[in-house]
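Novice: Provided herewith is a single structure, encoded as structure tokens, for subsequent inquiry.
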Amino acid sequence: MADDQGTADKPPEANLSNTLKKQETHDEMLSSHRKEISDLQKKEIEMKKAAAKGSKAEQKAKKKQLGFLLPTSLTIQSPARSAKRRAKRAQQEAAREQRIQEEQNNIVSERMIEDEKLVKKLEPFGLTINEIKPDGHCLYRAVEDQLTLLSGGSSLYTHQQELREMVAGYMRKHMSDFLPFFLSENMKHENADNSPAERFENYCKEVESTAAWGGQLELGA
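Note that the sequence shown covers residues 1 to 221 in our numbering.
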């Protein structure tokens, strides 16, 4: 308590004196730093001059010694300049984050507007939108959802895998109906070692055993 009271009773002149002493200490440190750099620069110039004299071997040795003594150039960085640079980086980062947020808000807003328009168009028909998880099975889940709805709410299929197997089986039985369209869509991936029928069979196996995205062929089946 005594120490606190003593500090509180110090006159303003004492506090000002302490501040000035701290400033002098900081100035002395900068002055000493500048003097050390100046001395090193003078030493560098002297050693460069000395290295220019004598034989090539001596010059090489002196330059090597100079490199050990002065591996990097020393500079004094202004605290104010560093603060400005940090502030500029922070401002740029904040602007970037704001742009990202605005882009995300625009995407959400555009989707909401599109959904609202679609809902209004479906209302007169008594229809609603049902979100389907967007993965490789989404086509089959959508078909399953509609079949369940049309059957009065009871699910006809316990898993989309059943639909995949049905689609692949139907495509195999009616290969002549699907093969021309399959070939037209897969010309870039043509394998000369396999016949069209073999490639179509491989495609059917992929349909029934993987999470490959469905397309026009699967919808046709």
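Glycine included, C-beta positions come from ideal geometry on N, C-alpha and C.
Relative to the C-alpha of residue 181, which residue among 203, 169, 112 is closest?
Specialist: Closest by alpha carbon: 203.
Novice: Taking the alpha-carbon positions, what's the residue 167 to residue 128 distance?
Specialist: Cα to Cα, residue 167 sits roughly 27 angstroms from residue 128.
Novice: Measure the C-alpha to C-alpha separation of residue 151 and residue 194 and round it to an integer number of angstroms.
Specialist: Approximately 42 angstroms between the Cα atoms of the pair.
Novice: For the alpha helix (DSSP H) containing residue 212, list its first residue and its last residue.
Specialist: No alpha helix (DSSP H) contains residue 212, which DSSP labels as neither H nor E.
Novice: Distance check for residue 85 and residue 145, CA to CA, integer angstroms please.
Specialist: If you take the alpha carbons of residue 145 and residue 85, they lie about 58 angstroms apart.
Novice: So, is residue 4 buried or exposed, given that buried needs 16 or more other C-beta atoms within 10 angstroms?
Specialist: Bear in mind that the predicted position of residue 4 carries a pLDDT of just 46, short of 50, making it too unreliable to give a figure here.
Novice: If you compare alpha carbons, which of 177, 160, 124, 176 is closest to residue 141?
Specialist: When only C-alpha atoms are compared, the closest one is 160.
Novice: Assign residue 218 to buried or exposed, taking buried as 16 or more other Cβ atoms, counted over all protein chains shown, within 10 Å of its Cβ.
Specialist: By the neighbour-count rule (16 or more Cβ atoms within 10 Å), residue 218 is buried.
Novice: Given 8 angstroms as the limit, is there contact between the stretch 119–126 and the stretch 198–216, that is, 3 or more CB pairs closer than that?
Specialist: Output reads no: the stretch 198–216 does not touch the stretch 119–126.
Novice: Measuring straight from C-alpha to C-alpha, what distance separates residue 196 and residue 165?
Specialist: When rounded, the distance between both Cα atoms is 21 angstroms.
Novice: Between which two residues does the alpha helix (DSSP H) harbouring residue 150 extend?
Specialist: Here the alpha helix (DSSP H) through residue 150 covers 138–150.
Novice: Check the C-beta distance from residue 175 over to residue 221 and give it rounded, since I have them as a contact under 8 angstroms.
Specialist: With 8 angstroms as the limit, residue 175 and residue 221 do not qualify as a contact, their Cβ atoms being about 11 angstroms apart.
Novice: I need the straight-line Cα distance from residue 162 to residue 185, nearest angstrom please.
Specialist: Near 25 angstroms, if we compare the C-alpha coordinates of residue 185 and residue 162.
Novice: What three-state label does DSSP hand residue 102 in the structure shown?
Specialist: Note: residue 102 maps to helix in three-state DSSP.
Novice: First and last residue of the alpha helix (DSSP H) that includes residue 165?
Specialist: From DSSP, the alpha helix (DSSP H) with residue 165 extends over 160–173.
Novice: Which term fits residue 136, buried or exposed, when burial requires 16 or more other beta carbons within 10 angstroms of its beta carbon?
Specialist: Under this definition residue 136 is an exposed residue.
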